Each structure stands twice: as structure tokens, then as C-alpha cells.
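Visitor: Chains as they are written, first to last, in our numbering: chain A, 5 to 117; chain B, 111 to 222.
Let me begin by handing over the structure; questions about it come next.
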């Protein structure tokens, strides 16, 4: 039982390049989330999904796209990376109870030059 | 909309001393409250949560938190810290939905 895994762990991009971050969970959770973590700002929700085939915008969605084609996977895409997207990205998953815990992956550190 | 304020960004503390991390929230409706911990170079994990009932909540690793509705606070405490408690701590709130709003975090550094 691996929990929530994220690929890759580190990435360096040049401005304008694109990339996809992969999140996978093996807990059969319906809900999945993408956050970004920046110093002094805590975690901010980028996009989330309430089930396979669904996505919704969070607090800071601009510049990102997501897809949830399979229940266990949640992909975060950057079409044209900008230096402002330099951050640590965390994926999380949770059950359908809003009082339940969110389980977090180990994070992806992205640097955009 | 709810917001979360963690009143201390950095808390240095000596080993075996007590520590308190302060969290205030603003919401016009009832909330659910969480404390998460992030150890260096790791993801977040749940320390404890308040859903209802007793206002004193006990979590893992000897941490506890007290919900105070009148002061809209959810402060985290540990009576005696260890070096291994060095981490960043996040307070978070949720209101009847599946999204968490996080505070900016408090970095706890435990010194020998």
C-alpha cells in the first residue's frame, strides 16, 4: 500500500516549456487535490476532482490544467511554464466524507528558469 | 469564505520545553479544524482534528489542541518537545465541503 505517490520528485523547466505532474493513489479515494506550497503562504488549492472524469477549479487555477481519466490518477499540466510557477506541488486524496483526513504525497519541487 | 491565521511564523524551543502554536480562524458558520505536520522534505500528515464534541482533542506524538468557539481559535500544544518535533505545522479549516483552507504555517525548531 503505497498511499499517494507523485512523479517526478524534482524538475527544472525553462520559461515556456510544458510538463505534466502525475499523482497516483491506491486507497480507492474519490477526491483528489493539487496544491502548491510557497514560503509564507501555506498550501493553496489549484484544482480538485470529486470523482473519475470530473475536475474543478480551486483558489489559484490560472496557468494549470488537470485531468482525471482514471480514479486512481490525477494529472496536473503546465502548458507554458512561468517563473511564478516555481513552487512545491503536493497531491492529496480523500474519501467522500468531508471530515475525513486528506492524505498527501511527498511533493514535486519545480523550478522554472 | 473562511480564513486561517497562524499567529507565529517561527517558534524556536528547547528540547523538553512546552510549545504552543496559535491558530485563529474566521467563519460565519461552523467549521471543522485540522492540524497537519510537515517534516523536512516530506508531505503533510494529520496530527489531529476537531469535528464536534469535546473541545480538547488529542492527536499523535503527544500533541493536543483546544477548540475555543468564542475566540475562534484552535491552538496546538505539546507539554515536552523532542528534537524530532522539528517541522512545519499547518492549521486548516473546512466548512461542510471537501476543500481545506490552510494557514501560512509555523516552523518549529527544537534545540538541544
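Glycine residues also receive a C-beta, built at the ideal position from the N, C-alpha and C atoms.
Since we're looking at a predicted model, the values are computed, not measured.
Name the chain A residues that come within less than 9 Å of residue 161 of chain B, Cβ to Cβ?
Guide: Those are 103, listed as they occur along chain A.
Visitor: Could you give the residue range of the beta strand (DSSP E) that holds residue 18 of chain A?
Guide: Taken as a continuous stretch (DSSP letters only), residue 18 of chain A belongs to no beta strand (DSSP E), as it is neither H nor E.
Visitor: If distances are taken between C-alpha atoms only, which option among B/178, B/197, B/157 and B/192 comes closest to residue 136 of chain B?
Guide: Nearest C-alpha to residue 136 of chain B: B/178.
Visitor: Compute the Euclidean distance between the alpha carbons of residue 286 of chain B and residue 117 of chain A, then round it to the nearest angstrom.
Guide: Because chain B spans 111 through 222 in this model, residue 286 of chain B falls outside it and cannot be assessed.
Visitor: Interface residues of chain B around residue 70 of chain A at Cβ under 7 Å?
Guide: Chain B residues near residue 70 of chain A: none, gap ~15 Å exceeds 7 Å.
Visitor: Can you check which of these residues, B/134, B/180, B/193 and B/128, is closest to residue 202 of chain B by C-alpha distance?
Guide: The residue with the shortest Cα to Cα distance from residue 202 of chain B is B/134.
Visitor: Alpha carbon to alpha carbon, how far is residue 48 of chain A from residue 194 of chain B?
Guide: Answer to the nearest angstrom: the Cα atoms are 26 Å apart.
Visitor: How is residue 91 of chain A classed by DSSP in three states: helix, strand or coil?
Guide: The answer is strand: DSSP assigns residue 91 of chain A an E or B state.
Visitor: The beta strand (DSSP E) that contains residue 160 of chain B, what's its start and end?
Guide: Element bounds for residue 160 of chain B: 154 to 160.
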